[in-house]
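Sequential numbering from 187 applies to the sequence shown in our numbering. Okay, structure first, notes after.
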Amino acid sequence: MIADWTSYQLADFVPYGPEVYLRLIARVGESYWPLHGLMLLAGLALLILAVRGRGRIACLLLAGAWAWVGWGFFLQHYAELNVAGRSLGGAFFAQALLLLLIAGIGGPAVVRPASPVIRMAAGLLALGGLLAYPLIGLYLGDSRFQAETFGLHPDPTVVVTLGIALLALRGPTLLVAVTLPVLWGILSGLHRQVLELALWWLPLALSLGAFVASIWTFFADQRWSGDARQAS
Numbered sequence: 187m188i189a190d191w192t193s194y195q196l197a198d199f200v201p202y203g204p205e206v207y208l209r210l211i212a213r214v215g216e217s218y219w220p221l222h223g224l225m226l227l228a229g230l231a232l233l234i235l236a237v238r239g240r241g242r243i244a245c246l247l248l249a250g251a252w253a254w255v256g257w258g259f260f261l262q263h264y265a266e267l268n269v270a271g272r273s274l275g276g277a278f279f280a281q282a283l284l285l286l287l288i289a290g291i292g293g294p295a296v297v298r299p300a301s302p303v304i305r306m307a308a309g310l311l312a313l314g315g316l317l318a319y320p321l322i323g324l325y326l327g328d329s330r331f332q333a334e335t336f337g338l339h340p341d342p343t344v345v346v347t348l349g350i351a352l353l354a355l356r357g358p359t360l361l362v363a364v365t366l367p368v369l370w371g372i373l374s375g376l377h378r379q380v381l382e383l384a385l386w387w388l389p390l391a392l393s394l395g396a397f398v399a400s401i402w403t404f405f406a407d408q409r410w411s412g413d414a415r416q417a418s
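If you want it as structure tokens, here you go:
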């Protein structure tokens, strides 16, 4: 039995080619047009809220985006291509519930002032998910509906979430909030590699970079908290 499982490759779990997947992206875009503009405005509002320290409201809005992608992308469309679609939709619903929980309980009351480098990188990451990802979708496809959009498609939603989390959350809450998005980014990168799509490495690289930044921020906060307690 173990030997049978080890004989599988990632490609064995992707029962379609790149043309079919790109068509799926376009179908989602067609189905929910013209929500693209509304989602872009919502993402920009999220970024402003995060920069201004309104992390709980940002998480509340992010939860809606994850729930919509779980239902609209995975359950309504991707599940027709792959039996894993329902499980992936369930994972996005779980992340939505987690973000709702974070919005309800908040984070630590006192934290170290955010690193300017981290804030800049996080802001660029969120903007990349909002503005650059649709352009990548247009580059890969031949239709405006193949522009992957925050709140409608998983990859830009994950990238924006990682940026918002780095801006708005701290401590263990940050690590918990980015765990599933990072895992998705890795899975998406490998999935795109199997399909031999251009820029397949992008979600993987962005997710791993955000994970490293989250770990660095967490331990920097821990050291700052220890120094603050000793000083008091």
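C-beta: ideal position from N, C-alpha, C; glycine also. Owing to the predicted nature of the structure, the values given are computational and were not obtained by experimental measurement.
In the DSSP assignment, Gly357 falls within the alpha helix (DSSP H) that extends over 357 to 380. The beta carbon of Phe278 sits closer than 6 Å to the beta carbons of Trp252, Val255, Gly256 from its chain, once the five residues preceding and following it are set aside; these are given in chain order.
Between the alpha carbons of Thr343 and Tyr319 lies a distance of about 10 Å. Within the same chain, and ignoring the five residues on either side of Phe331 in sequence, the residues whose Cβ sits closer than 6 Å to its Cβ are Ala212, Gly215, Glu216. With respect to Val368, Ala396 sits close: the two C-beta atoms are nearer than 8 Å. By the criterion of at least three beta-carbon pairs nearer than 8 Å, the segment 352 to 364 is not in contact with the segment 265 to 272. Contact between Val237 and Gly309 holds, since their C-beta atoms are separated by about 7 Å, short of 8 Å. In this structure Pro389 is in contact with Gly371, their Cβ atoms being roughly 4 Å apart against a cut-off of 8 Å. It is roughly 12 Å from the alpha-carbon of Cys245 to the alpha-carbon of Gly229. In chain order, Pro204, Leu326 place their CB closer than 7 Å to the CB of Leu383, counting only its own chain and leaving out the 5 sequence neighbours on each side. Minimum Cα-Cα distance from His263 among the listed residues Ile288, Gly314, Leu210 corresponds to Leu210. Less than 8 Å divides the Cβ of Leu311 from the Cβ of Leu348.
In the three-state DSSP reduction, Leu385 falls in the coil class, being neither helix nor strand. Between the alpha carbons of Leu233 and Ile350 lies a distance of about 6 Å. Listed in chain order, the alpha helix (DSSP H) runs fully inside the segment 229 to 278 are 241 to 254, counting runs of at least 4 residues. The Cβ atoms of Leu226 and Leu316 sit closer than 8 Å to each other. Boundaries of the alpha helix (DSSP H) harbouring Tyr207: 204 to 218, taken from the DSSP string. When only Cα atoms are considered, Gly239 and Leu355 end up about 9 Å apart.
Out of Pro220, Ala231, Leu352, Arg409, the CA that lies nearest to the CA of Pro302 is found in Leu352. Proximity to Val345 across Leu394, Arg378, His222 peaks at Leu394, based on C-alpha coordinates. Shown here for Gly275: same chain residues with a beta carbon closer than 6 Å to its own, the five before and five after excluded, namely Gly256, Phe260, Leu261 in chain order. Within the same chain, Ala212 come within 6 Å of Ser329 by CB-CB distance, once the 5 residues on both sides are set aside. Closest by C-alpha distance to Glu334, out of Tyr202, Pro201, Val200, Leu208, is Leu208. Annotation for Gly314: Val345 place their beta carbon closer than 7 Å to its own, counting only its chain and skipping 5 residues before and after.
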